[in-house]
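Step one of this worksheet: look at the structure below.
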Ligand SMILES: [Mg+2]
């Protein structure tokens, strides 16, 4: 049996909702199996690029990248027209331009994105206090307690998407399911402006058909490693036993074992506290010369600072991570007494940490920078750094 995902265009939704309220569709996801939740993952479609296209009619229907077009610029977001050419976020701008010569670069306008973000969060909070933002443009919502008596999580998700469209003139996609892992996969299923509902009992089958690179937390590097182990899809992953997964993926083994079975025990965490924020890059060719290392550092600084700014994070410890071509790695950190003031200071410390290690004993294959000791991180709970946040490229 094939899992059916409905892409519901907004224009049809009103009709659909009316039918549901007439009792023609009772929304069968009102039943709660033991321990299962009702989770919605909402994700704006090509968020930064869509805001730019909304605000500048000249950009509509055209391939647009938000980010710097210069030599070391990085694409922060790409419109769907640009994605058709293979342009992706976190891609170096020169690569993007090569793939899509007509690509239009626009500078980011974080104030505009933050304004839209505040609007959608307000919409979320009308429906539930249990909102866990993942970034400016996506969030998990736990709507198990249907506080307005709307009737089903599917219907709540449709109302949210309608309100987002009305109030921001932007489109969002939503995944509706019984846990976070499946809901996030589902929101991606019918993008853009789509929706997908995976009911209890359908999760394992849905996951089996998907490539593992789409799994939250796997990332391109994880997917590469899995491919070498013969794991391409959820079904391949489900065929591995837990000892194998623990041996190969350490602390992520248990998560992967459950994920492959459509199980995810993580609750939606409102007021989620981030421990660190960073990014790293694996290079297609090992790097050893000082000049190449410095250029790589500049590139990492651009990527990571963009993320820091987007998350409005403030912190005072910067950690440099290098992985040598023999796969040994080392980290060097520096803590300030105050939060890192700006990108200039972040860049200066990043370079200082690197210079102290030069010349390197052997070429590196990976470089990463992380900001930690974040403001608001006062509770020393058990949470580990969010590895998903670290797999940038
Ligand atoms: Mg998005």
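Residue numbers (this note's numbering): 3 to 395.
No residue lacks a Cβ here, since even glycine has one placed at the ideal position from N, Cα and C.
Secondary structure of residue i, DSSP reduced to three states
i: residue 370; result: strand
i: residue 375; result: strand
i: residue 48; result: coil
i: residue 326; result: strand
i: residue 180; result: coil
i: residue 144; result: strand
i: residue 318; result: strand
i: residue 267; result: coil
i: residue 58; result: coil
i: residue 406; result: Absent from the structure is residue 406, since the part of the chain shown begins at 3 and ends at 395.
i: residue 107; result: strand
i: residue 260; result: helix
i: residue 197; result: strand
i: residue 288; result: strand
Residue of the options minimising C-alpha distance to residue i
i: residue 179; options: 171, 191, 112 and 172; result: 191
i: residue 315; options: 290, 280, 80 and 332; result: 280
i: residue 210; options: 318, 242, 375 and 159; result: 242
i: residue 187; options: 228, 167, 141 and 147; result: 141
i: residue 40; options: 206, 367 and 144; result: 144
i: residue 272; options: 305, 132, 251 and 146; result: 132
i: residue 199; options: 44, 260 and 82; result: 44
i: residue 356; options: 347, 343 and 333; result: 333
i: residue 162; options: 130, 262, 62 and 125; result: 125
i: residue 121; options: 372, 261, 173 and 183; result: 173
i: residue 169; options: 56, 81 and 344; result: 56
i: residue 159; options: 171, 196 and 183; result: 196
i: residue 250; options: 212, 154, 226 and 107; result: 226
i: residue 146; options: 220, 182 and 116; result: 182
i: residue 134; options: 258, 363, 42 and 155; result: 42
i: residue 107; options: 88, 127, 116 and 79; result: 79
i: residue 50; options: 113, 88 and 103; result: 113
i: residue 331; options: 365, 306 and 346; result: 365
i: residue 327; options: 185, 345 and 285; result: 285
i: residue 105; options: 115, 90, 358 and 185; result: 90
i: residue 325; options: 358, 354, 150 and 289; result: 289
i: residue 59; options: 171, 151, 103 and 85; result: 171
i: residue 208; options: 228, 358, 222 and 262; result: 262
i: residue 265; options: 185, 86, 149 and 153; result: 185
i: residue 111; options: 354, 52 and 221; result: 52
6 Å CB neighbourhood of residue i in its chain, flanking five on each side removed
i: residue 119; result: 138
i: residue 165; result: 125
i: residue 38; result: 180 and 202
i: residue 189; result: 43, 45, 175, 176 and 177
i: residue 228; result: 214
i: residue 268; result: 182
Cβ neighbour criterion (16 or more within 10 Å) applied to residue i
i: residue 230; result: exposed
i: residue 6; result: Here the model assigns residue 6 a pLDDT of 48, short of 50, so the residue's position is not dependable, and the following value carries that caveat. Exposed, by the Cβ-count rule.
i: residue 253; result: exposed
i: residue 94; result: buried
i: residue 329; result: exposed
i: residue 203; result: exposed
i: residue 63; result: exposed
i: residue 136; result: buried
i: residue 157; result: buried
i: residue 54; result: buried
i: residue 312; result: buried
i: residue 339; result: exposed
i: residue 343; result: exposed
i: residue 373; result: buried
i: residue 151; result: exposed
i: residue 224; result: buried
i: residue 88; result: exposed
Other residues of its chain near residue i: CB distance less than 7 Å, five sequence neighbours each side excluded
i: residue 349; result: 303
i: residue 2; result: With the chain represented from 3 up to 395, any question about residue 2 goes unanswered, as that position is not in the structure.
i: residue 193; result: 47 and 175
i: residue 309; result: 279 and 281
i: residue 341; result: 316, 317, 318 and 377
i: residue 212; result: 187, 235 and 236
i: residue 84; result: 65, 66, 67, 102 and 105
i: residue 305; result: 76, 92, 281 and 394
i: residue 127; result: 133
Own chain, CB closer than 8 Å to residue i, minus 5 neighbours either side, in chain order
i: residue 375; result: 317, 318, 319 and 337
i: residue 301; result: 74, 76, 94 and 283
i: residue 256; result: 244, 247 and 248
i: residue 352; result: 299, 302, 303, 320, 322 and 371
i: residue 361; result: 292
i: residue 363; result: 326
Please confirm if the stretch 231-247 is in contact with the stretch 275-289, defined as three or more CB-CB distances below 8 Å between the two stretches.
no
Would the stretch 285-294 and the stretch 67-83 be scored as touching if the rule is three or more Cβ pairs under 8 Å?
no
Is it a yes or a no for the stretch 70-82 touching the stretch 92-106, going by three-plus beta-carbon pairs under 8 Å?
yes
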